[in-house]
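Protein chains in written order, with full-length UniProt numbering: chain A, 1 to 333; chain B, 1 to 333.
Report on one structure; see the data block that follows.
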């Protein structure tokens, strides 16, 4: 295993220190317990938004802290949920009196620890609402999950809920729009290689040189099928079919099409996938009116990608377009 | 070799089609010859800016086409210079009457083909100026280069020259600021693995499981030394020392610190490198006043990173901060 790290046990703390050094205009960092918080938090009267989960998926979640998106991100150890402690501390730090929304990817550990933190925050008179993200259509239950996994769609939930909070929506409304985005989002991924967790030092699973895993999770959890490598267009078709059947998306829909890299796949390949996915949607009469392409929800250095489709309406489009200023996603003013 | 592609010979054309499908608000694409051009080009009275080079370094250059940066990007085959033909066509497409700046990474093929295109454009009465980027301090001459190579600093030249053109500077002034950025920028990189060129189908070079290459080029060209893997902090020190000696940077300087991923390195590692680089600069009394972290100048799926330091002054800082709207870099209005 070759990695640009020092001691595997310091990976998260050192990376977070790097984020603090790189983005002092956007965030400040708490080291004990570890969380990343928007520089001007709390914003009085604004709903606070906290997300988090195991590290190794960067820029998720720390790269999305800033104006118009998250108020705080709580990174756990690599591929391991943060404990309730830092989640509670982050929740307190971002509470501006209008309550706090927790956006939680659906993994058993994350759900449990965010729930405990929400209970503890409640005991301190902070109104906490929780939205669980479970956009992955690949498998019904998985290695670390009862029910569907939360994967790349999490970025869309965080962006749109963040915009709703920024414009002054109350906690009920912000939770409702986050719930709606999750309900209208579907994702599925593919892996060509396995990630290497620093303290483990070897690939999380074996994948032969001529095989790929369809329906992979973002921790390398098993998907639907292990198949021989196919041309990119055939792989896109395999990922899109279950996505489009599941909602279902229909002719006339407006969607956001998001092609996400898992960390180790060159951008040129992501655009090849995007091209085919846009073609398939056009053939079905679905209009791609918003797009996102890049490495946003990764699995360390895993080679692979995922496709996410979000069914838009006027409200979601307006919130998607709203200004955002974070390390990994920014536009407008 | 596993890649998310169809036929290796269609990689660039299909990726460019993906860029066109993903970013219709920013760019349009010419397929014969292939180049990517800002949607509203040419802008009458504005200096046009064209860059380009072999593909496989995305988001360089196509991801930087848009308001406040490039007017056109010309992608050659993977790791191979574009011919003069598409460079000329792009130059004509962006000429708004105020002349065109070519920003060229210092590789023999690129320099020659851009020069030929500039001559042909001159014959059509387009005033073309050329700035060669050669920010890599690793080696004096290299596999494809007489003199220093152009690497990650290219992004900084493109951003700042783009801002100068956008505010209405004339061709002399835009060329002068691009020349100044290049003169004040130094970079050096490290590789942990080799990239795999699609049509070759195997790694560009062999790098044993416990070794890294210090001073690597962005096509995997040899660097200064092949050494055993070291902790990240030691590697940063090895990359920064020649950078800081070369300009030389001095106590009291304001700099932009840019940690660039080569494509296959997780973002968490880039922030670990950033943390150490910022520490070293602080120890030397150098103030990091602007930052950039991420995969901007890549070498396909190569694992590795580079560090770039740009000595700032008020003018360069103002131009860096100016609004930019491209696929890979955007902020402001």
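For each residue, glycine too, the CB sits at the ideal point set by N, CA and C.
Everything numeric in this text was worked out from a predicted model, so none of it was measured.
message: Quick check on DSSP: helix, strand or coil for residue 305 of chain A?
response: Strand.
field: Proximity winner among B/224, B/12 and B/203, relative to residue 35 of chain B (alpha-carbon distances)
entry: B/12
- request: Find the nearest neighbour of residue 59 of chain A within the set B/319, B/271, B/87 and B/284, judged by alpha-carbon distance.
  value: B/271
- request: Could you name each continuous beta strand (DSSP E) segment of 3 residues or more that falls completely within the segment 53-78 of chain A, going from the start of the chain to the end?
  value: 72-78
query: Where does residue 12 of chain B fall in DSSP's three states?
result: Helix.
- request: List the whole-angstrom C-beta distance separating residue 155 of chain B from residue 75 of chain B, where the pair is believed to meet the contact cut-off of C-beta under 8 Å.
  value: Not really, about 16 Å apart at Cβ, beyond 8 Å.
query: Between residue 5 of chain B and residue 230 of chain A, what straight-line distance do the alpha-carbon atoms span, to the nearest angstrom?
result: 9 Å
task: Starting from the C-beta of residue 65 of chain A, find all residues in its chain whose C-beta is less than 8 Å away, skip the five residues before and the five after it, and write them out in chain order.
output: 26, 27, 36, 37, 38, 71, 72, 73, 326 and 327
message: Whole angstroms are fine: how far does the CA of residue 183 of chain A sit from the CA of residue 42 of chain A?
response: 29 Å
Closest Cα partner of residue 175 of chain B within the set B/44, B/151, B/48 and B/138: B/48
- prompt: Between residue 311 of chain B and residue 136 of chain B, what straight-line distance do the alpha-carbon atoms span, to the nearest angstrom?
  reply: Cα-Cα distance, rounded: 15 Å.
task: Tell me the start and end of each unbroken alpha helix (DSSP H) in the segment 83-120 of chain A that is at least 4 residues and wholly inside, in chain order.
output: 84-94
task: Taking the CB atoms as reference points, tell me whether residue 87 of chain B and residue 50 of chain B lie closer together than 8 Å.
output: Yes, they are a contact pair.
query: Quick one: what does DSSP say residue 213 of chain B is sitting in, helix, strand or coil?
result: strand
For residue 150 of chain B, the first and last residue of its enclosing beta strand (DSSP E): Here residue 150 of chain B belongs to no beta strand (DSSP E), and DSSP marks it neither H nor E.
- request: Go through its chain and collect everything with a Cβ distance to residue 242 of chain A's Cβ below 7 Å, but skip five positions before and after it.
  value: 137 and 188
- request: Return the residue from the list B/32, B/315, B/44 and B/262 that minimises the CA-CA distance to residue 89 of chain B.
  value: B/32
query: Can at least three beta-carbon pairs, one atom from the segment 161-171 of chain A and one from the segment 196-214 of chain A, be found at a separation below 8 Å?
result: Pairwise C-beta distances place the segment 161-171 of chain A out of contact with the segment 196-214 of chain A, as fewer than three of them are shorter than 8 Å.
query: Enumerated in chain order, which unbroken segments of the alpha helix (DSSP H) with a length of 4 residues or greater are wholly contained in the segment 135-177 of chain B?
result: Inside the segment 135-177 of chain B, DSSP marks whole alpha helix (DSSP H) runs of 4 or more residues at positions 153-166, from first to last along the chain.
query: For a contact meaning CB atoms closer than 8 Å, what does residue 157 of chain A contact in chain B?
result: Within chain B, no residue comes near residue 157 of chain A; the closest Cβ sits about 20 Å away, beyond 8 Å.
- request: Would you give the residue range spanned by the beta strand (DSSP E) that residue 328 of chain A belongs to?
  value: Neither: residue 328 of chain A is in no beta strand (DSSP E) and is coded neither H nor E.
task: Using 10 angstroms around the beta-carbon of residue 234 of chain A, count the other beta-carbons present and answer buried if the total reaches 16, otherwise exposed.
output: exposed
message: Short of 7 Å in beta carbon distance, which residues of its chain neighbour residue 285 of chain B, apart from the five on each side in sequence? Order them along the chain.
response: 251 and 252
message: Does any residue of chain B have a CB that is nearer than 8 Å to the CB of residue 334 of chain A?
response: No statement about residue 334 of chain A is possible, as the shown extent of chain A runs from 1 to 333 and does not include it.
message: With the cut-off set at 8 Å, would you say residue 198 of chain A and residue 143 of chain A are in Cβ contact?
response: Result no, Cβ atoms of residue 198 of chain A and residue 143 of chain A do not sit closer than 8 Å.
Length of the line joining the Cα atoms of residue 24 of chain B and residue 282 of chain B: 42 Å
- prompt: Mind checking whether residue 236 of chain A and residue 207 of chain A have CB atoms under 8 Å apart?
  reply: Their beta carbons are not under 8 Å apart, which means residue 236 of chain A does not touch residue 207 of chain A by this criterion.
task: Quick one: give me the first and last residue of the alpha helix (DSSP H) that residue 274 of chain B is part of.
output: 267-283
Beta-carbon separation (whole angstroms), residue 100 of chain A vs residue 128 of chain A, contact threshold 8 Å: 5 Å
task: Look at the Cβ atom of residue 257 of chain A, then the Cβ atom of residue 298 of chain A, and state whether they are nearer than 8 Å.
output: no
query: What three-state label does DSSP hand residue 224 of chain B in the structure shown?
result: coil
message: Taking 8 Å as the threshold (beta carbon to beta carbon), is residue 331 of chain B in contact with chain A?
response: At least one chain A Cβ lies under 8 Å of residue 331 of chain B.
message: Helix, strand or coil, according to DSSP, for residue 311 of chain B in the structure here?
response: strand
- prompt: In chain A, what lies closer than 7 Å to residue 274 of chain B by C-beta?
  reply: 18, 21 and 22
DSSP state of residue 22 of chain A mapped onto helix, strand, coil: DSSP, read as helix, strand or coil, puts residue 22 of chain A in helix.
- request: Find the nearest neighbour of residue 262 of chain A within the set A/44, A/202, A/216 and A/134, judged by alpha-carbon distance.
  value: A/216
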